[in-house]
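Under my numbering, the first residue of the sequence shown is numbered 12, with each subsequent residue one higher.
Built from N, CA and C at the ideal position, the CB exists for glycine as well.
Computed from a predicted structure; not experimentally measured.
Scroll down for the structure; my scribbles are underneath it.
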Amino acid sequence: MKLTRISILFPLLTTYLFAAQPAVYGENGVVVAHDLEACEAGIQILKAGGNAVDAAVAVSYALAVTHPQAGNIGGGGFMVIQMADGRKAAIDYREKAPASSHRDMFLDDSGRVHPVKSLRGGLASGIPGTVAGMQKALDEYGSMSRKKVMKPAIHLAQKGFEMPYDLAYSLSRLNKKAEDFPETRRVFCRDGDLYRPSEIFKQPDLAKTLKLIQRKGNMGFYSGAVADGIVRSIAAQGGIATLDDLVNYRAVLRQPIVGNYRGYEILSMPPPSSGGIALVSMLNMLELMSFDSVEWHSAEHIHRLAEVEKRAYSDRSVWLGDSDFYEVPRDKLISKAYARYRMMDYDSLMASPSDSIYPLNDSELASIELHDNESEETTHFSVVDRWGNAVSVTTTLNWSFGSYVTVQGFGFLLNNEMDDFSAKPGVPNSYGLIGNEANAIEPGKRMLSSMTPTIVSKDGQVELVVGAPGGATIITTVLQVINNTIDYEMSLQEAVNAPRFHHQWQPDVITYGPRALSLETQEALKQMGYTLERRSAYGEVNAIMRDKRYGGWIGAPDYRLSSHGAAY
């Protein structure tokens with residue numbers, strides 16, 4: 012039956028497959044990331060004998076050079092690790108609120124959320140975590156020195172790389188938007204003498220910073236000249252971060268979220284990411300259903316996924332935040348028993364109105380209002396090595412180019428992650444995700460995220476490494492790739508390139524990408540009570556899967572943003 016259903020997919024998928032970057036195959040190691048230079052940096056480390064963690068650190072630093080929209084040393088992210096010896100870990104290097112932060116810092120005199128302060132300028136920047144996170148990964152699970160794994164990034168910054176069209180275009184847009192940020196225009200836009208596609212882009216200030224980190228580690232970033240530069244640059248743009256905030260920053264080793272779906276182990280990120288809990292919760296609900304006779308992207312298929320998405324995002328709205336500050340009911344939300352309870356009111360024929368679905372099924376929470384503002388400009392990469400170690404990493408500055416604040420003399424942008432807090436619980440914004448007390452601003456707190464770096468295993472062996480950018484859509488994107496590969500037995504490239512859709516409870520709308528829904532499916536969903544809204548393609552899944560035929564690894568870059576893969 013599944014082979015018959017897979018054959019039905021090709022009319023919808025052929026356009027995507029022909030447009031895609033080709034999958035890559037490697038017996039010894041694979042890296043899939045946004046930029047080819049970053050992929051090659053990782054492969055260089057693997058060929059030199061490094062493991063997947065060493066390569067992931069090299070890729071992360073390389074992306075800080077080649078992908079300034081989201082790759083970074085001035086931001087943060089999450090890393091999920093599964094080692095071949097069975098060790099599992101989640102490294103949290105999410106940014107933190109400065110010690111002088113307070114709950115109402117983005118409200119104006121009338122008590123309304125200021126439209127710009129949390130997005131642009133020094134006040135928007137959380138304390139960056141990437142450098143500490145990379146050092147934590149090397150210390151705990153790496154096999155190479157920091158000196159070796161940072162060499163590729165330093166070479167890229169010093170010698171330069173050929174400017175791809177998409178980066179040149181993004182920098183031309185940044186030049187118009189960053190008029191009030193002269194250092195950003197100097198470093199990335201040559202004061203208006205814009206870089207052109209294929210031109211060599213050198214970054215000597217960033218190379219200097221990377222060398223300091225290479226030589227001194229965390230001390231080369233969180234203290235000394237770089238730290239002084241960060242504080243001065245933030246203060247010059249109205250921010251409140253201090254040297255103490257930087258010195259006191261720590262990346263945290265956390266227990267990953269672990270679930271099980273049809274015999275596959277799901278390893279994902281815990282709070283302050285909402286991704287792992289929401290993903291496992293949705294998979295637990297889907298496991299109650301069989302897809303053997305359900306056509307892919309039929310109305311029945313979309314309905315099933317949309318209903319579990321509504322319930323998981325409803326719970327996310329109230330119960331997820333930084334677990335160091337807020338007691339997250341983690342075990343309950345990822346339990347199989349809770350999934351059965353959550354689906355008791357599921358109607359297989361009609362859509363459940365979102366206003367009838369309450370967080371934790373508690374009707375007293377029905378009046379909850381909207382707030383969250385997580386950007387889609389993030390980046391994800393995946394790495395595996397010849398020993399079977401696997402790393403899944405999602406990292407970001409939040410919005411593209413972050414706060415627009417470039418650290419003077421050091422060549423890197425700072426994040427605007429403070430916008431991911433609930434500036435005023437109960438206030439709606441453009442994305443409509445809900446965040447309340449669990450995600451209110453507090454000094455030293457990490458803001459909630461949807462980033463969902465994930466590793467799927469079976470019988471102790473890694474089978475799939477996956478993740479995506481996309482803000483609110485990250486979790487449902489990862490869900491659909493897993494559903495495509497396990498329930499519909501798609502090849503990895505088919506699963507990654509397949510069109511996608513999204514429901515996040517509020518607003519009560521299914522958004523869908525190009526060619527995701529046939530006209531027949533759209534009409535059937537409307538008859539079931541759904542509101543539909545077309546949007547542009549979203550997400551950039553960069554995934555790796557074990558190859559069952561030849562025993563190596565398949566890397567699948569997403570065609571949507573011209574991602575790349577490298578292997579050996």
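- Task: Label E380 either buried or exposed according to how many other C-beta atoms from any shown protein chain fall within 10 Å of its C-beta, with 16 as the threshold for buried.
- Result: One-based indexing of the sequence shown puts residue 380 at position 369. At E380 the pLDDT is 48, less than 50, meaning the model places this residue with poor confidence; the figure from the coordinates comes in the next sentence. The residue in question, E380, is exposed, as its Cβ has fewer than 16 Cβ neighbours within 10 Å.
- Query: Going by Cα to Cα distance, which pick from P215, A506, K321, M458 is closest to G171?
  - Reply: Position 160 of the sequence shown, counting from 1, holds the residue named residue 171. That would be P215, whose Cα lies nearest to the Cα of G171.
- Query: With 16 other CB atoms within 10 Å as the buried threshold, where does H113 fall?
  - Reply: Within the sequence shown, numbered from 1, the residue matching residue 113 stands at position 102. It counts as exposed.
- Alpha-carbon spacing of V489 relative to A310, whole angstroms: As a first step, residue 489 is located in the sequence shown; it is residue number 478 there, counting from the start. As a first step, residue 310 is located in the sequence shown; it is residue number 299 there, counting from the start. Each residue's Cα considered, the two are about 20 Å apart.
- Task: Look at the alpha carbon of P139 and the alpha carbon of F423, and state the distance between them as a whole number of angstroms.
- Result: Your numbering for residue 139 matches position 128 in the sequence shown. Your numbering for residue 423 matches position 412 in the sequence shown. Inter-residue distance for P139 and F423 is about 12 Å (C-alpha atoms, whole angstroms).
- Task: Would you list the one or two residues that DSSP bridges to N186?
- Result: Your numbering for residue 186 matches position 175 in the sequence shown. None, per the DSSP bridge assignment.
- Query: Does the Cβ of W398 have 16 or more other Cβ atoms within 10 Å, making it buried, or fewer, making it exposed?
  - Reply: Translated into the one-based positions of the sequence shown, residue 398 becomes position 387. So W398 ends up on the exposed side.
- Exposed or buried, I241, counting other C-beta atoms within 10 Å across all chains shown (16 or more means buried)? Walking along the sequence shown from the start, residue 241 turns up at place 230. Per the 10 Å Cβ criterion, buried.
- Can you grab the Cα-Cα spacing for the pair L47 / V142, in whole Å? Counting from 1 along the sequence shown, the entry for residue 47 is found at position 36. Counting from 1 along the sequence shown, the entry for residue 142 is found at position 131. C-alpha separation (whole angstroms): 22 Å.
- Just curious, the beta strand (DSSP E) that D103 is in, first and last residue? Counting from 1 along the sequence shown, the entry for residue 103 is found at position 92. Looking at the DSSP string, the run of the beta strand (DSSP E) that includes D103 is 99 to 104.
- If you run the structure through DSSP and keep just helix, strand and coil, what is Y272? Against the sequence shown, residue 272 aligns to sequence position 261. If DSSP states are grouped into helix, strand and coil, Y272 belongs with the strands.
- Helix, strand or coil for G576, going by three-state DSSP, please let me know. Position 565 of the sequence shown, counted from the first residue, corresponds to residue 576. If DSSP states are grouped into helix, strand and coil, G576 belongs with the strands.
- Task: Would you kindly check if the distance between the Cβ of G133 and the Cβ of G249 is under 9 Å?
- Result: Along the sequence shown, read from residue 1 onward, the residue named residue 249 stands at position 238. Along the sequence shown, read from residue 1 onward, the residue named residue 133 stands at position 122. Contact flag set, yes.
- Reducing DSSP to helix, strand and coil, say where N553 ends up. Position 542 of the sequence shown, counted from the start, is the residue given in the question as residue 553. Three-state result, N553: strand.
- Which of helix, strand or coil DSSP assigns to P193: Numbered from its first residue, the sequence shown carries residue 193 at position 182. In this structure, DSSP gives P193 a helical state, which the three-state scheme calls helix.
- Task: Taking K107 as the reference, give the member of L294, G270, M458, V339 with the closest Cα.
- Result: Within the sequence shown, residue 107 is the residue found at index 96, counting from 1. Checked all of L294, G270, M458, V339; the closest Cα to K107 is M458.
- Query: Which residues mark the beginning and the end of the alpha helix (DSSP H) in which V507 is found?
  - Reply: The sequence position of residue 507 within the sequence shown is 496, counting from 1. V507 -> alpha helix (DSSP H) spans 503 to 508.
- Task: May I have the straight-line CA-CA distance separating S234 from I251, to the nearest angstrom?
- Result: The residue labelled residue 234 in the question sits at position 223 within the sequence shown. The residue labelled residue 251 in the question sits at position 240 within the sequence shown. Taken atom to atom, the span from the alpha-carbon of S234 to that of I251 is near 17 Å.
- Give the straight-line distance between the Cα atoms of Y415 and E388, rounded to the nearest whole angstrom. The residue given as residue 415 occupies position 404 in the sequence shown. The residue given as residue 388 occupies position 377 in the sequence shown. So the two alpha carbons sit approximately 14 Å from each other.
- Alpha-carbon spacing of L543 relative to N495, whole angstroms: Stepping through the sequence shown from its first residue, residue 543 is reached at position 532. Stepping through the sequence shown from its first residue, residue 495 is reached at position 484. Taking the straight line joining both Cα atoms gives about 22 Å.
- Roughly how many whole angstroms lie between the Cα atoms of L167 and E531? Indexing the sequence shown from 1 puts residue 167 at position 156. Indexing the sequence shown from 1 puts residue 531 at position 520. Roughly 50 Å separates the two Cα atoms.
- Item | Rounded separation between N271 and H391 - CA only | Counted from its first residue, the sequence shown places residue 271 at position 260. Counted from its first residue, the sequence shown places residue 391 at position 380. C-alpha separation (whole angstroms): 23 Å.
- Task: Tell me, please, whether the segment 260 to 271 touches the segment 289 to 298 by the rule of three or more beta-carbon pairs shorter than 8 Å.
- Result: yes
- Find the nearest neighbour of C50 within the set Y324, V473, A73, judged by alpha-carbon distance. If you number the sequence shown from 1, residue 50 lands on position 39. The shortest Cα separation from C50 among Y324, V473, A73 belongs to A73.
- Message: Am I right that T463 and G286 are in contact with their C-beta atoms under 8 Å? What's the rounded C-beta distance?
- Response: Within the sequence shown, numbered from 1, the residue matching residue 463 stands at position 452. Within the sequence shown, numbered from 1, the residue matching residue 286 stands at position 275. Indeed they touch by this definition, with Cβ atoms about 3 Å apart.
- Between the Cα of I54 and the Cα atoms of P283, M355, P480, V394, which residue gives the shortest distance? Your numbering for residue 54 matches position 43 in the sequence shown. Here the closest residue by C-alpha is V394.
- Span of the beta strand (DSSP E) holding K469? What you label residue 469 is simply residue 458 of the sequence shown in a count that begins at 1. That run of the beta strand (DSSP E) goes 465 to 469.
- Query: Hey, how far is the Cα of G562 from the Cα of L503?
  - Reply: Walking along the sequence shown from the start, residue 562 turns up at place 551. Walking along the sequence shown from the start, residue 503 turns up at place 492. Roughly 15 Å between the two C-alpha positions.
- Message: Which complete alpha helix (DSSP H) runs does the segment 105 to 156 hold, if anything under 4 residues is left out?
- Response: 141 to 152
- Query: Can you check whether the CB of T195 is closer than 9 Å to the CB of F412?
  - Reply: Taking the first residue of the sequence shown as 1, we reach residue 412 at position 401. Taking the first residue of the sequence shown as 1, we reach residue 195 at position 184. Yes. Within cutoff.
- Message: My output table needs one value for A52: the three-state DSSP class, helix, strand or coil.
- Response: Within the sequence shown, numbered from 1, the residue matching residue 52 stands at position 41. In this structure, A52 counts as helix in the three-state DSSP scheme.
- Comparing alpha-carbon positions, which option in G153, A52, A449 lies nearest F336? For the purposes of this step, residue 336 is taken as the residue at position 325 of the sequence shown. Residue A449 is the option with its Cα nearest to F336.
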